[in-house]
Amino acid sequence: SNDRTLKILIIFNNNSEESELIFEDNGIGIDLQKNKDKLFGMYQRFHNYPNSKGLGLYLVRTQIESMGGSIKIQSEVNKGTQFIINFKKN
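The opening position of the sequence shown corresponds to residue 1398 in the working numbering, with each subsequent residue numbered one higher.
This is the structure we're talking about:
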């Protein structure tokens, strides 16, 4: 959001069963009600930024899943977004 200073929080949690990486910001957020089914699709854009290609979340998800992990998103418009990445341990 242009109304506040950008904050990015990175958290790492580790236990005997899994490793969890959380990225959280206070940016413009994503309307999950409107975009939930398209979120990780190729060439999907949710904001009108001219240099955006719509590949970022698609590539992130495919790489995480190729390593046996998972990714979830929690977001609220004008509040921010949280990406939660989990990797199970063998």
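Using N, Cα and C, we set each Cβ at its ideal position, and we do this for glycine too.
Next on the checklist: Quick check on D1422: does DSSP put it in helix, strand or coil?
Outcome noted: If DSSP states are grouped into helix, strand and coil, D1422 belongs with the strands.
Checklist entry - Should G1424 and L1403 be called a contact, given that it needs their Cβ atoms to be closer than 8 Å? => result yes
Next on the checklist: So, with DSSP's three-state summary, where would you put L1454?
Outcome noted: helix
Checklist entry - Between G1465 and F1437, which are expected to be in contact by the criterion C-beta below 8 Å, what is the C-beta distance as a whole number of angstroms? => result Not confirmed; about 17 Å, so no contact.
Checklist entry - What residue does the beta strand (DSSP E) around L1406 start on, and which one ends it? => result Here the beta strand (DSSP E) through L1406 covers I1405 to N1411.
Next on the checklist: Can you find the residues in the same chain that come closer than 6 Å, C-beta to C-beta, to D1428, ignoring five residues on each side of it along the sequence?
Outcome noted: V1474.
Item to check | With 16 other Cβ atoms within 10 Å as the buried cut-off, status of G1477 | outcome: Its Cβ being crowded by 16 or more others within 10 Å, G1477 is buried.
Next on the checklist: Does G1342 pass the burial test, meaning 16 or more other C-beta atoms within 10 Å, or should it be called exposed?
Outcome noted: Here the chain covers residues 1398 to 1487 and nothing more, so residue 1342 does not appear.
Checklist entry - Using the beta-carbon count (16 or more within 10 Å), is S1472 buried or exposed? => result Taking all protein chains in view, the Cβ of S1472 is crowded by 16 or more other Cβ atoms within 10 Å, so the residue is classified as buried.
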